[in-house]
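Residue 65 in UniProt numbering sits at position 65 of the sequence shown, and the numbers go up by one each step. Don't be surprised by glycine CBs; every beta carbon is placed ideally from N, CA and C. Note sheet for the following structure.
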Amino acid sequence: MALITVGGMIGVGKTTAANLIASHLDAPLHLEKVDGNKILEKFYTASPEEEQSKRYPFLLQLSFLNSRYSDIKRALVERHAVLDRSIYEDWYFARVNTDMGRISELEFSIYEDLLANMMEELTFFPKKAPDLFVFLHAEFDTILRRISRRGRDFEQDDSQLAYFRRLWEGYRDWVENKYSESPVLVFDTDRYDLSVPAHQEYLLELVDRELAAGD
Numbered sequence: 001m002a003l004i005t006v007g008g009m010i011g012v013g014k015t016t017a018a019n020l021i022a023s024h025l026d027a028p029l030h031l032e033k034v035d036g037n038k039i040l041e042k043f044y045t046a047s048p049e050e051e052q053s054k055r056y057p058f059l060l061q062l063s064f065l066n067s068r069y070s071d072i073k074r075a076l077v078e079r080h081a082v083l084d085r086s087i088y089e090d091w092y093f094a095r096v097n098t099d100m101g102r103i104s105e106l107e108f109s110i111y112e113d114l115l116a117n118m119m120e121e122l123t124f125f126p127k128k129a130p131d132l133f134v135f136l137h138a139e140f141d142t143i144l145r146r147i148s149r150r151g152r153d154f155e156q157d158d159s160q161l162a163y164f165r166r167l168w169e170g171y172r173d174w175v176e177n178k179y180s181e182s183p184v185l186v187f188d189t190d191r192y193d194l195s196v197p198a199h200q201e202y203l204l205e206l207v208d209r210e211l212a213a214g215d
């Protein structure tokens with residue numbers, strides 16, 4: 001079985017890539033639950049006072065952690081599976097929000113304890129780490145254009161610019177120097193446009209090559 005996660009910045013093209021890979025492998029696709037997530041919208045639109053009093057950043061990370069854990073449990077009993085973002089990346093998002101003061105250190109310690117407990121439970125499954133992490137990268141200006149183009153109203157607030165930049169600035173370094181759970185395939189979506197069939201085929205060739213190397 002092959003478990004693949006597709007990750008990267010907000011707006012980088014994860015859903016497009018995940019759909020391509022899932023279709024190629026004839027594998028179930030577990031997408032990040034964004035539509036209908038009321039906490040996500042409040043995370044982006046709450047005033048600083050509301051954010052602090054309601055603790056939306058902490059609640060959002062718990063919400064994503066819970067849904068990611070459910071996805072992993074379902075995926076690990078399937079022949080192949082593709083996940084839109086990984087539980088390991090959730091830790092990175094939580095850490096960035098903590099560094100920015102949006103999550104307290106106490107909340108972050110609770111988050112880490114819960115994550116560790118979940119990961120311990122996954123040891124009873126055939127595997128808990130992906131076979132391949134496909135990391136999509138693009139320059140920051142590209143990310144902002146794509147966020148604007150996809151038109152989710154709650155992502156358009158200029159007050160989130162500092163958050164997006166902080167995520168982007170440390171993301172690739174975290175993937176290349178701190179993430180160690182699986183092989184990583186870095187795919188540049190500035191250089192390769194996933195709306196172009198030839199570029200789609202190139203991504204899938206790279207995925208096949210990485211999976212074959214891991215056999």
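Residue i classed as buried or exposed, judged by whether at least 16 other C-beta atoms fall within 10 angstroms
i             : result
lysine 14     : buried
proline 48    : exposed
threonine 189 : buried
threonine 123 : exposed
aspartate 90  : buried
glutamate 201 : exposed
alanine 213   : exposed
aspartate 84  : buried
leucine 65    : buried
leucine 106   : exposed
glutamate 210 : buried
Residue i to residue j span [Cα, whole Å]
i                 : j                 : result
arginine 166      : valine 96         : 7 Å
tyrosine 92       : glutamate 120     : 19 Å
glutamate 176     : histidine 24      : 26 Å
isoleucine 72     : tyrosine 111      : 18 Å
serine 70         : serine 63         : 11 Å
methionine 9      : aspartate 193     : 16 Å
lysine 54         : proline 197       : 45 Å
histidine 137     : alanine 46        : 28 Å
phenylalanine 187 : phenylalanine 135 : 6 Å
aspartate 113     : proline 28        : 30 Å
phenylalanine 58  : methionine 118    : 17 Å
aspartate 208     : leucine 31        : 21 Å
tyrosine 163      : arginine 68       : 22 Å
tyrosine 44       : glutamine 160     : 7 Å
alanine 17        : leucine 185       : 12 Å
leucine 206       : leucine 132       : 11 Å
arginine 74       : aspartate 26      : 16 Å
glutamate 181     : arginine 172      : 15 Å
histidine 199     : asparagine 19     : 14 Å
glutamate 139     : leucine 60        : 26 Å
Reduced DSSP secondary structure (H/G/I, E/B, other) of residue i
i              : result
leucine 76     : coil
aspartate 84   : strand
isoleucine 103 : coil
valine 96      : helix
isoleucine 10  : coil
isoleucine 110 : helix
leucine 211    : helix
leucine 122    : helix
leucine 3      : strand
Beta-carbon spacing of residue i, residue j below 8 Å
i             : j           : result
arginine 102  : glycine 11  : no
threonine 5   : proline 183 : no
serine 86     : glycine 170 : no
alanine 116   : leucine 3   : no
isoleucine 21 : leucine 204 : yes
tyrosine 56   : lysine 33   : no
Min CB distance residue i to chain B below 8 Å
i          : result
serine 109 : Although the question refers to chain B, the structure presented lacks it and comprises just one protein chain.
(request) Pick out the complete alpha helix (DSSP H) segments inside the region 130-208, 4 residues or longer, and give them in chain order. (result) The alpha helix (DSSP H) runs lying completely inside the region 130-208 and spanning 4 residues or more are 140-150 and 161-177, given in chain order.
(message) Could you tell me which whole alpha helix (DSSP H) segments of length 4 or greater appear in the region 21-55?
(response) Within the region 21-55, the runs of alpha helix (DSSP H) that reach at least 4 residues and sit entirely inside it are, in chain order, 38-45 and 48-54.
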